[in-house]
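Colleague:
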Amino acid sequence: AQKITQTQPGMFVQEKEAVTLDCTYDTSDPSYGLFWYKQPSSGEMIFLIYQGSYDQQNATEGRYSLNFQKARKSANLVISASQLGDSAMYFCAMREAKDDKIIFGKGTRLHILP
Amino acid sequence: DVKVTQSSRYLVKRTGEKVFLECVQDMDHENMFWYRQDPGLGLRLIYFSYDVKMKEKGDIPEGYSVSREKKERFSLILESASTNQTSMYLCASSTASRDRGQEQYFGPGTRLTVT
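Those protein sequence lines, which keep their order, are chains A and B. Counting in this note's numbering, the first sequence runs from 44 upward without gaps. Counting in this note's numbering, the second sequence runs from 31 upward without gaps.
1) Would you mind telling me which residues of chain A sit closer than 7 Å to N135(B), beta carbon to beta carbon, in chain order?
2) In the DSSP output, which residue or residues are listed as bridge partners for Y65(B)?
3) So which of P52(A), T70(A), E60(A), I145(A) has the shortest CA-CA distance to A114(A)?
4) Along chain A, in chain order, which residues have C-beta atoms closer than 8 Å to that of M118(B)?
5) Tell me, please, whether the CB atom of F147(A) is closer than 9 Å to any CB atom in chain B?
6) When DSSP labels each residue in this structure, what does Y101(A) get in the three-state scheme?
7) For the beta strand (DSSP E) that contains K116(A), what are its first and last residues?
8) Compare the C-beta of Q55(B) against all C-beta atoms of chain A and say whether one is closer than 9 Å.
9) Nearest-angstrom Cα distance between A140(A) and P73(A)?
10) Looking at the strands, I want to know which residues DSSP matches up with G139(B).
11) Going by CA-CA distance only, name the one from N119(A), Q112(A), D142(A) that's closest to Q51(A).
12) For T140(B), count the other beta carbons within 10 Å of its own beta carbon; 16 or more makes it buried, fewer makes it exposed. Which is it?
13) For I89(A) and Y97(A), which I take to be in contact (beta-carbon distance under 8 Å), what is that distance rounded to the nearest angstrom?
14) Pop quiz: Q67(B) and L120(B) are said to be a contact at Cβ under 8 Å. What is the actual Cβ separation, rounded to whole angstroms?
15) How would you list, in chain order, the residues of chain A whose beta-carbon sits under 8 Å from the beta-carbon of P138(B)?
16) What residue range is occupied by the uninterrupted beta strand (DSSP E) comprising I89(A)?
17) Apart from the five residues just before and just after F63(B), which ones in its own chain have a Cβ nearer than 6 Å to its Cβ?
18) Just checking, does the stretch 36-54 of chain B make contact with the stretch 49-63 of chain A on the three C-beta pairs under 8 Å criterion?
19) State the Cα-Cα distance for the pair V54(B) and V34(B), rounded to the nearest angstrom.
20) Based on Cα-Cα distance, which residue from Q112(A), R138(A), G105(A), Q82(A) lies nearest to A124(A)?
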């Protein structure tokens, strides 16, 4: 079974609008971490934001925030005031406490329209 | 500034050749990883290493081997390249410390074509 599910293979959003990229995860480990990465067309993977399973508040980093709903096992990425440079592939990922490995979802390709 | 470098951005090899992909990190990270990325399949873990000379198989190790003789360097080896190994290869590293999330830092990737 997939541990990380990203149901939106592609999205088109108008510039300056807010964007929500969906991510659900599956784990029985009570301690885990959730990550979002951005991959522009150049290919490098850029770490955006991290949320620990015991963190009380939703993580924020500049225009990025992680909408963490633990009971629903959901970790959506919210990008406020989208910019053309946000066009990229976005990956949700999870690390369980027992592991040093990170499991990645299949990604969502985001297109920002001018 | 954190840095992970990979020896080549683009590589073209012939079927049957032995291929070495090199990765170097300057962050003194204990963990290093090799992934391949294919359209529609996301990132798949080939091998990882949590210490010098230590390695563990990931999800798709067949046809690959690795070497970690020094902490900063992690090499991926294709013993006899085949066309189904044409892919983007990404190297990453992370700390082993559990104080934080152990986010992985990635290199720029090597796009390998096997003809």
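Virtual Cβ for every residue (Gly too), placed ideally from N, Cα, C. Since the model is a prediction, treat every value here as computed from it, not as a measurement.
Modeller: In short:
1) The residue given as residue 135(B) occupies position 105 in the second sequence. Checking the sequence, you will find Tyr at residue 135(B) rather than Asn. The contacting residues are F90.
2) Translated into positions along the second sequence, residue 65(B) becomes position 35. L75(B), L120(B), per the DSSP bridge assignment.
3) As a position in the first sequence, residue 114(A) is number 71, starting the count at 1. Residue T70(A) is the option with its Cα nearest to A114(A).
4) Taking the second sequence and counting its residues from 1, the one referred to as residue 118(B) is at position 88. The answer, in chain order, is G86.
5) Here residue 147(A) is taken as the residue at index 104 of the first sequence, counted from 1. With 9 Å as the cut-off, F147(A) counts as an interface residue toward chain B.
6) On the first sequence, residue 101(A) is found 58 positions in, with the first residue counted as 1. Checking the displayed sequence, the identity of residue 101(A) turns out to be Asn instead of Tyr. Shown here, N101(A) sits in coil according to DSSP, grouped into three states, outside any helix or strand.
7) In the first sequence, counting from the first residue as 1, residue 116(A) sits at position 73. Where K116(A) is concerned, there is no enclosing beta strand (DSSP E), given that its DSSP letter is neither H nor E.
8) Position 25 of the second sequence, counting from 1, holds the residue named residue 55(B). No, because no Cβ of chain A sits closer than 9 Å to the Cβ of Q55(B).
9) Residue mapping note: residue 140(A) aligns to position 97 of the first sequence, counting from 1. Residue mapping note: residue 73(A) aligns to position 30 of the first sequence, counting from 1. Taking the straight line from one Cα to the other gives about 8 Å.
10) For the purposes of this step, residue 139(B) is taken as residue 109 along the second sequence, with counting starting at 1. Checking the DSSP bridge columns, you'll see G139(B) has no partner listed.
11) Position 8 of the first sequence, counting from 1, holds the residue named residue 51(A). The residue with the shortest Cα to Cα distance from Q51(A) is N119(A).
12) The residue given as residue 140(B) occupies position 110 in the second sequence. It is buried - the Cβ of T140(B) has at least 16 other Cβ atoms within 10 Å.
13) Along the first sequence, read from residue 1 onward, the residue named residue 89(A) stands at position 46. Along the first sequence, read from residue 1 onward, the residue named residue 97(A) stands at position 54. The beta carbons of I89(A) and Y97(A) sit about 25 Å from each other, so the pair does not count as a contact at 8 Å.
14) Position 37 of the second sequence, counted from the first residue, corresponds to residue 67(B). Position 90 of the second sequence, counted from the first residue, corresponds to residue 120(B). So it is a contact: roughly 6 Å between Cβ atoms.
15) Your numbering for residue 138(B) matches position 108 in the second sequence. Think of a sphere of 8 Å around the beta carbon of P138(B): the chain A residues whose beta carbon falls inside it are S85, G86, E87, in chain order.
16) Against the first sequence, residue 89(A) aligns to sequence position 46. Unbroken beta strand (DSSP E) run through I89(A): 89-95.
17) The residue labelled residue 63(B) in the question sits at position 33 within the second sequence. Excluding residues within five positions, the ones whose Cβ falls inside 6 Å are F78, A122.
18) The stretch 36-54 of chain B is not in contact with the stretch 49-63 of chain A.
19) Here residue 54(B) corresponds to residue number 24 of the second sequence, with the count starting at 1. Here residue 34(B) corresponds to residue number 4 of the second sequence, with the count starting at 1. If you take the alpha carbons of V54(B) and V34(B), they lie about 6 Å apart.
20) For the purposes of this step, residue 124(A) is identified with residue 81 of the first sequence, where counting begins at 1. Taking only the C-alpha atoms, the option nearest A124(A) is G105(A).
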